[in-house]
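S.K.: Got a structure for you, questions after.
Residue numbers (the numbering used here): 34 to 360.
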C-alpha cells in the first residue's frame, strides 16, 4: 500500500499513517495554523475515477455543511498541487464509543442518556441541514469518558434528502449502512428519511444499556430476515441479570418500532423521552433471569447482503479512529 508519510500535501505535513482502505489512506498530519489533524487522501489510482472523486468531495461538503459542537469539523478539502484529493478534519479526543462500550457495558443509564442527548443533537443538526447520516453506530462515534463529550464521525454514505434520483450515488435496490444498526425500511434499498437514523440511535442506546443487540442473527442472511419479520428482543430480556424500568424500556422499544411512523416525531423527542425516563427512575437492577429468557450476544460486525460496493467503499469522515478511517 502507498504511503505519503514525511511528505507535505497542501501545507499539511503527514506524520504517520493511521488507517487505510480501498479508496483512501488516513494520516495524522500537522499544519502551522490548524495544528494536529486527521488527513484523508484519496488513492492515486482513483484520482481519475469521476464517481470516486464525486463521493469523496460529497463527504467533505456534507462535513462542512453541518456545523455542530458534537460533529467533527471539516477543516479543509480539495485537490493539492500534485493532483491528490485530500480532506482534513479535526483530530477528535477520546476513543471509539464501540471500544469503550465493549470494555464497560452495561453503562449506567444516566451516562447513556447523556451520550444519546449529544449524539441526537448532532444528528438533529444534520437533519436540519437536509442530511440523513445512514451509518450511525458506535464505531462512528468518538467518546471522551473524562469530559463525557461525544463527536459524530463519518458522513461517507450520508444522503441529501433533497437530491434528485439522478444525483444519487447508490444504485436503486441496494441498501447502505451496517446491518446490525440499519432500520428495517432501509433494506428495500429506497432512500430513507430521518426516522431511519432514529432507529439506528435507538439500537446504539440498546447496546450501551445492555451490552447486547436487539437482534441476534448468527449470519447476515438470518439477521436480514429477523429485521424484516421479527420484533426486537425487549430491552429487559437483552441479558440475564439486567432489568430496566418500564419507562426506559418503553422509550427504547418505541424508537425501535418497525413502522417509521410508530417512532418518535424526531431524534430530539427520542433523546428527551430517554432522559426523562432515566431521571424518573431508570437505573438497572440485577435480577434473576427467567428460565425462558433468551440471551442475545453482541454480534461481531458482518457484511450485509446485498452490499453496495460502489457506495460502501467510499469511506467517511472517520471510518474509525483506531482503525481511524478503516476505509
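Ideal placement from N, C-alpha and C gives every residue a C-beta, glycine not left out.
#1: Could you tell me the alpha carbon to alpha carbon distance between residue 97 and residue 107, rounded to whole angstroms?
#2: What separation, rounded to the nearest whole angstrom, lies between the Cα atoms of residue 267 and residue 41?
#3: By Cβ distance below 6 Å, which residues in the same chain neighbour residue 228 in space, the five residues on each side in sequence not counted?
#4: What runs of the alpha helix (DSSP H), each 4 residues or longer, lie entirely inside the region 201-266?
#5: Residue 217: buried (16+ other C-beta within 10 angstroms of its C-beta) or exposed?
#6: Residue range of the alpha helix (DSSP H) that residue 160 falls in?
#7: So is residue 285 in contact with chain B if we call contact Cβ pairs under 8 Å?
#8: Exposed or buried, what is residue 272 when buried is set at 16 or more other beta-carbons lying within 10 Å of its beta-carbon?
#9: Give me whichever residues DSSP pairs with residue 61 in a beta bridge.
#10: In angstroms, rounded to a whole number, what distance separates the CA positions of residue 179 and residue 132?
#11: Could you say if the region 133-142 and the region 240-248 meet the contact criterion of at least three C-beta pairs nearer than 8 Å?
#12: Return helix, strand or coil for residue 97, following the three-state DSSP convention.
#13: Tell me the residue span of the beta strand (DSSP E) that contains residue 284.
#14: Taking residue 182 as part of the alpha helix (DSSP H), name the residues at either end of that continuous run.
#15: Going by the CB atoms, is the gap between residue 95 and residue 191 shorter than 8 Å?
#16: With a cut-off of 8 Å, do at least 3 Cβ pairs link the region 113-122 to the region 248-267?
#17: So, for residue 80: in the same chain, excluding its five sequence neighbours on each side, which residues have a beta-carbon less than 8 Å away from its beta-carbon?
#18: In whole angstroms, what separates the C-alpha of residue 278 from that of residue 151?
#19: Compute the Euclidean distance between the alpha carbons of residue 246 and residue 232, then round it to the nearest angstrom.
#20: If you check the beta carbons only, do residue 311 and residue 281 fall under 8 Å apart?
#21: Here's the rule I'm using: 16 or more other beta-carbon atoms within 10 Å means buried, otherwise exposed. How should residue 361 be labelled?
#22: On a Cα-Cα basis, can you pick out the residue from 193, 89, 113 and 234 that is closest to residue 173?
#23: Quick check: what's the CA-CA separation for residue 302 versus residue 67?
#24: For residue 124 and residue 175, I'd like the C-alpha separation in whole angstroms.
#25: Just to check my reading of the structure: residue 193 and residue 163 have Cβ atoms closer than 8 Å, yes? What is that Cβ distance to the nearest angstrom?
#26: Give the straight-line distance between the Cα atoms of residue 56 and residue 161, rounded to the nearest whole angstrom.
#27: Roughly how many angstroms lie between the CA atoms of residue 362 and residue 89, to the nearest whole one?
#28: Find the nearest neighbour of residue 128 within the set 177, 74 and 100, judged by alpha-carbon distance.
#29: Short of 7 Å in beta carbon distance, which residues of its chain neighbour residue 308, apart from the five on each side in sequence? Order them along the chain.
M.R.: So, from the data block:
#1: 5 Å
#2: Rounded to the nearest whole angstrom, the C-alpha separation of residue 267 and residue 41 is 52 Å.
#3: 293 and 296
#4: 227-243 and 253-262
#5: buried
#6: Counting along the chain, the unbroken alpha helix (DSSP H) around residue 160 starts and ends at 142-161.
#7: Considering every chain present, this structure includes no chain B. It has just one protein chain.
#8: Residue 272 comes out buried.
#9: 49 and 71
#10: So the two alpha carbons sit approximately 15 Å from each other.
#11: yes
#12: helix
#13: From DSSP, residue 284 is part of no beta strand (DSSP E) but of the alpha helix (DSSP H) over 279-288.
#14: No alpha helix (DSSP H) holds residue 182; the beta strand (DSSP E) holding it covers 182-185.
#15: A contact, by the Cβ cut-off of 8 Å.
#16: no
#17: 86, 116, 117 and 118
#18: 22 Å
#19: 13 Å
#20: yes
#21: The structure shown does not extend to residue 361, since the chain spans only 34 to 360, so no value can be given for it.
#22: 234
#23: Taking the straight line from one Cα to the other gives about 36 Å.
#24: 10 Å
#25: 6 Å
#26: 29 Å
#27: Beyond the ends of the chain as shown, which are 34 and 360, falls residue 362; an answer cannot be given.
#28: 177
#29: Answer for residue 308: 146 and 150, listed in chain order.
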